[in-house]
Amino acid sequence: MRTLPAGEVLRLWDECRDASPQARALALAATADDDTGRAVPPAERPIGRITAQLLRLRDALAGPRMTATVGCPGCRGTVEFQATTEALLALEDKIVDFPPPLLHGGYEVVWRCLSYEDLRAVAELPEADDPDKGALLLLQRCLLSLRQEEHPQTSSAVDLPDPVRQALTDAMSSADPLADLLVDLRCPDCELAFTADLDVAAFVWAELEARGRQLLLDVDALARSYGWSESEVLALSEPRRASYLRIVTGELP
Ligand SMILES: [Zn+2]
């Protein structure tokens, strides 16, 4: 993907700041979408397809190396970890857009991967505040049909025996490994080993916000010094803008 022009960063920041997390992720991913010809709309694709676009956007914004931080559940300290967009994007090849039915414990379950449309729809329901109920509602949305000869009345995720439900959850994770990125970590302070969820959409949004803020400061400094308009400052290439800023701050003799 091309690098993201400064004006585009500010446009995205304006467009997404009041959006829901789901709408924001889709809007950000759309800027990196290189396959608009696909039949399935982005909101209905497996979540990992959107994560992959977000990773490509991240690459365009700041390169492949990512340093993220999470709170340690033990001591509440900050744990830092590294990842690269390349390593995560390698998982994109493992996404199964149209997974085969699951056959388990006498059940035949026809299902599909979770999408952003599912996340959006479930987030609007009051029951979604309870994580267990939220997970079940998501599972239910992905059940296309269920068949079990001995229990013909079974039709919802609630009726599935635990082993079948677990097998379905496992099948969903392996069909879309970019949907939920879990990282095994150890806290350097208290030594606690824990698993953290890498929220790529939130991570990319935080970086875009930081970039947007920095651009506004750059525009402010150059507009004050040279009387240039916002569009004139944003039209400068990144190295040229940085050079003028060094002149303004006296770093460039
Ligand atoms: Zn800790």
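Residues in the sequence shown are numbered consecutively from -14, following this note's numbering. Quick reminder that beta carbons are idealized off the backbone N, C-alpha and C, glycines included.
The alpha-carbon of A(-9) is positioned some 42 Å away from that of W96. Given a length threshold of 4 residues, each whole run of the alpha helix (DSSP H) inside the segment -8 to 22 is given here in chain order: 6 to 15. At least 8 Å separates the beta-carbon of A178 from that of V55. The alpha-carbon separation between R231 and P85 amounts to approximately 58 Å. Its chain contains A142, V143 as the residues whose beta carbon lies nearer than 8 Å to that of L121, once the 5 sequence neighbours on both sides are disregarded; these appear in chain order.
Put simply, the backbone Cα of R132 is about 8 Å away from that of G91. If one requires a minimum length of 3 residues, the beta strand (DSSP E) runs lying completely within the segment 106 to 152 are 128 to 132, in chain order.
Of all alpha-carbon atoms in V149, V94, R2, the one lying nearest the alpha-carbon of L129 is that of V94. Short note on D174: C-beta closer than 7 Å to some heavy atom of ligand 1. If you draw a straight line from the Cα of A191 to the Cα of R2, it comes to about 11 Å. Here D174 is near C57, since their CB atoms are less than 8 Å apart.
Less than 8 Å separates the beta-carbon of R30 from that of S100. Note: S222 is not bridge-paired with any residue in the DSSP secondary-structure output. In this structure, the straight-line span from the alpha carbon of A206 to that of S214 is close to 11 Å.
D44 is classed as buried because its beta carbon has at least 16 other beta carbons within 10 Å across all chains shown.
In its chain, beyond the 5 residues on either side, G91 have a beta carbon closer than 8 Å to the beta carbon of E135. Between ligand 1 and the CB of L166, the shortest heavy atom gap is not smaller than 7 Å. Counting only runs of at least 4 residues, the segment 20 to 72 fully encloses the following alpha helix (DSSP H) elements, listed from N- to C-terminal order: 32 to 47. When secondary structure is reduced to three states using DSSP, D155 falls in the helix class. With fewer than 16 other CB atoms across the displayed protein chains lying within 10 angstroms of its CB, R(-4) is exposed. Contact between the segment 70 to 85 and the segment 108 to 115 is not established, with fewer than three Cβ pairs separated by less than 8 Å. Counting the other CB atoms within 10 Å of its CB gives L145 a total of 16 or more, which places it among the buried residues. K118 and A108 have their C-alpha atoms spaced approximately 11 Å apart. In the three-state DSSP reduction, W96 falls in the strand class (E or B).
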